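J.: Under the UniProt record's numbering, the residue at position 75 of the sequence shown is numbered 75, and the numbers go up by one with no gaps. Positions of the beta carbon are idealized from the N, C-alpha and C atoms, including for glycine. What you are looking at is a predicted structure, and each value in this text was computed from that prediction instead of being measured. Structure incoming, see below.
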Amino acid sequence: MDGLYGRSAAGVRARLERDGLGGWQDLADAETDSEGRISDWSDKRFERGLYRIRFDSDYYFVGLGLTAAYPEIIVTFRMHDETDAYQIQVMLSPYSYSTHFRIR
């Protein structure tokens, strides 16, 4: 969500990573759609473990002609049960961000 303009943040680049032996492993790259969602990952199954999503907020805000204080936003989370559906929401602004984590 674009907290500055109060609309969906379309076109935000994101990378999903998993904590593995020796460091973080890249799993998937995506970009938010017109509704600010990444639906490409919804059909994937992931094991229990520690994950993170890296949001490229700099790319997004430069595209709007703005500068971001946080060029990258990293949300790290633990997946407890691979049968659960996880929803991670991020509200972006040039000088702040907030996150919300939900298990469906």
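How is G20 classed by DSSP in three states: helix, strand or coil?
T.: Taking the first residue of the sequence shown as position 1, residue 20 is located at position 20. Three-state result, G20: strand.
J.: Considering only the alpha carbon of each residue, which of D84, R37 and G65 lies closest to F46?
T.: As a first step, residue 46 must be located in the sequence shown, where it is residue number 46. Measuring from the Cα of F46, the nearest candidate turns out to be D84.
J.: Give me whichever residues DSSP pairs with R78 in a beta bridge.
T.: Position 78 of the sequence shown, counted from the first residue, corresponds to residue 78. Answer by DSSP bridge pairing, in chain order: L50.
J.: Between the alpha carbons of E35 and Y97, how many angstroms are there, rounded?
T.: By 1-based counting over the sequence shown, the position of residue 35 is 35. By 1-based counting over the sequence shown, the position of residue 97 is 97. When rounded, the distance between both Cα atoms is 18 Å.
J.: To the nearest angstrom, report how far apart Q87 and R13 are at their CA atoms.
T.: To locate residue 87, count along the sequence shown from 1; it is residue 87. To locate residue 13, count along the sequence shown from 1; it is residue 13. Each residue's Cα considered, the two are about 17 Å apart.
J.: Relative to the C-alpha of D26, which candidate in E17, T32 and D33 has its C-alpha closest?
T.: By one-based count along the sequence shown, residue 26 stands at place 26. Looking at the Cα atoms, E17 is the closest of the given residues.
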